[in-house]
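All residue numbers for the sequence shown refer to our numbering, where the first residue is 9 and numbers rise by one. Even glycine gets a Cβ: it sits at the ideal position worked out from N, Cα and C. Report on one structure; see the data block that follows.
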Amino acid sequence: MKTQSALAVAALAAALAAPARGEFAFDAGADLRIRQEIMDNVPGLPGGGVLSSSVRGAYKNHMRFRPRVWGQVSFGSEDSGKFRLYTRFTDEMRWYVKPHGDAYTFPDEVILDNLFLEGNGLFDGFFDFAIGRQDIYELYGLDHVFVDGTPGDGSRTVYSDMVRFGFNVSEESRLDFFALYNEDDNILRWGTDRGKHRSLTGLGGGAEPEMDDWGYGVVWGSRLAEWLPYQLFAMEKFTHSFYRKNSSGVEVKHPRTQRGLFGAKLLPQIDEEWSLQVEAMGQTGENGDHAALSGWSSYLGVNWKSSREGIRPFGKVGYHFMSGDDNAASEDGGHSAWDPMWARGVNDSELFLYGTHYGAAWWSNQHYLKLTLGADLGARHRVVASLGPLFAAAQDGLGGGDGHFKGFLSQIRYDFPLWPFERSVNERFEIFGHVLAEFFNPGDYYETDKPSYFVRWQVDFKF
């Protein structure tokens, strides 16, 4: 049985076996996301293939409509522990204004987006667990390791099939374990044939059986002092062989990889308004040809958020490094290029989801200095602007230019409520939205100096 079906069955079996003591409650709801995205001249891998500049760099304008429905059953008590069985189904239809296409036309496909059982506060608060299909976004607060299990799905879903459990060792310390599997071809879907075999991992086309990735790991969190929380983590990731077109348009099979990651994260809280974020991570491993792999990444951030009442401004300065490799163009990304693990998302840029050279949202080979300024203006009102330069850690030749300067990236986003304007605690129905704009001025790393842009408006309905 495939991993998706096995985890779904395991979640249901665990739910049936769980003790149904204490309070019992059922809840359900739905949401609808409508967005339009327009982009042009997005940098991509030159020379052909699904990530090529000839495809990704063209003007694109499309509408996306994503309805979701969810339901949950909660049971248990504070004394014996609380349980929750949650499920969610998702569909998405798209209207391609330019270029015209029919890849996601109505009714497309309904997919099992979430199905998991979780238990919290078991054995006098000592043990927690979750098993099944669940969202992976910023798991354990490690936003440079976990973002999206399905980057090739274009933010329609972010799930991973996962088992995780944790132990509250003390009031200050916690030990977590996880194991996850991301299948590139989703079989838990119902709909038109057009939707079959879409690539969910971003490693290629889902029609091929060898593009899954999976892994496991451990995370320890505690405090060195009251003001100094920290995390230590170790994990291993495996990627099946995958297929990608080379510069001549020929589909080439790339060997599987195995990578271990070891890292530490410090979060010093200087005072009520100022804090730091310090991370260091290293990787070792090998590919299917028994060639040694390695990688390095680090992050340093200085954060400030006003403690005043009313309008609350905030700011951040961050520097993010990810190693690269001079031979990335000829040796499957190189042997010392950073593997982003499951941080394959849009936390830094929506534009580069479409423009990364190594795979969908495959962040690697860069120095990124980023300034962020913003303000919380009230209930669901927030404005955020960021800007900064990007440099290649290694001149791998994939940009087509002769330098290291990738360019200057800027982004501005405004989130706002549409109804109600003042949200109450128990409010179910909401309408809210945002507008987003990104601009990228390329440097000498690229073969072109033509600027890129990405624009989006979005409205969300919650029921």
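{"Asked": "Closest residue to E146 among R352, R182, A272, Y112 (Cα-Cα distance)", "Found": "R352"}
{"Asked": "Exposed unless 16 or more other CB atoms sit within 10 angstroms - verdict on L202", "Found": "Note that residue 202 is Arg in the sequence shown here, rather than Leu. Classification for R202: exposed."}
{"Asked": "Which of helix, strand or coil DSSP assigns to F185", "Found": "strand"}
{"Asked": "Segment contact flag, the segment 176-191 with the segment 217-231, C-beta cutoff 8 Å, min 3 pairs", "Found": "yes"}
{"Asked": "For D193, three-class secondary structure by DSSP", "Found": "coil"}
{"Asked": "Candidates G174, W78, R72, A401: closest to S163 by CA position", "Found": "R72"}
{"Asked": "Buried or exposed (CB count within 10 angstroms, at least 16 for buried), V155", "Found": "buried"}
{"Asked": "Helix, strand or coil at R202 [DSSP, three-state]", "Found": "helix"}
{"Asked": "Under 8 Å between C-beta atoms of F137 and G149", "Found": "no"}
{"Asked": "Exposure label - Y67; buried when at least 16 CB within 10 Å", "Found": "exposed"}
{"Asked": "Residue ranges of each alpha helix (DSSP H) within the segment 29-117, 4 or longer", "Found": "61-64"}
{"Asked": "L398, DSSP secondary structure in three states", "Found": "strand"}
{"Asked": "Nearest residue (CA-CA) to D110, options Q80, H70, F97", "Found": "H70"}
{"Asked": "G409 (DSSP reduced to helix, strand or coil)", "Found": "coil"}
{"Asked": "Own chain, CB closer than 6 Å to V354, minus 5 neighbours either side, in chain order", "Found": "L361"}
{"Asked": "Best match in G326, N49, E280, D169 for proximity to E234 [C-alpha to C-alpha]", "Found": "E280"}
{"Asked": "Paired residues, beta bridge with V391 - DSSP", "Found": "A383, Y422"}
{"Asked": "Opening and closing residue of the beta strand (DSSP E) in which F134 lies", "Found": "First-last for F134: undefined, no H or E at that position."}
{"Asked": "Proximity test, W304 beta-carbon vs the ligand ATP heavy atom, cut-off 7 Å", "Found": "This structure does not include the ligand ATP; it has no bound ligands of any sort."}
{"Asked": "Nearest-angstrom Cα separation, counted from K106 out to L444", "Found": "20 Å"}
{"Asked": "Local Cβ density within 10 Å of S168, reported as buried at 16 or more and exposed below that", "Found": "buried"}
{"Asked": "Beta strand (DSSP E) segments (min. 3 residues) lying fully within the segment 245-314", "Found": "250-253, 259-262, 265-274, 282-295, 300-313"}
{"Asked": "Under the three-state DSSP convention, the category F360 falls into", "Found": "helix"}
{"Asked": "Rounded separation between L130 and D39 - CA only", "Found": "31 Å"}
{"Asked": "Distance between D384 and P115 (C-alpha atoms, nearest Å)", "Found": "38 Å"}
{"Asked": "Proximity of K273 and Y238 at Cβ, strictly below 8 Å", "Found": "yes"}
{"Asked": "Between the CA atoms of N190 and M330 - distance to the nearest angstrom", "Found": "23 Å"}
{"Asked": "R464 vs E358 beta-carbon contact at 8 Å", "Found": "yes"}
{"Asked": "Residue from Q374, D121, G451, L275 whose Cα sits closest to the Cα of F416", "Found": "G451"}
{"Asked": "Collapsed DSSP secondary structure at Y366 in the structure displayed", "Found": "coil"}
{"Asked": "Cutoff 6 Å; reference G213; Cβ partners in own chain excluding five residues on either side", "Found": "At G213, the pLDDT of 49 sits below 50, so the modelled position is not reliable; the number obtained from the coordinates is stated separately. Excluding positions up to five away in sequence, the list reads S207."}
{"Asked": "Cβ shell of S62 (< 6 Å), same chain only, five flanking positions each side left out", "Found": "Reliability of the predicted coordinates at S62 is poor, the pLDDT of 42 falling under 50, and no value is obtained from them."}
{"Asked": "Separation of I278 from P75, as counted between CA atoms", "Found": "43 Å"}
{"Asked": "Reference M47; option with closest CA among Q466, Y453, F447, E455", "Found": "F447"}
{"Asked": "Three-state class that DSSP yields for Y327 in the structure shown", "Found": "strand"}
{"Asked": "Residue from D404, G408, H412 with nearest C-alpha to Y376", "Found": "H412"}
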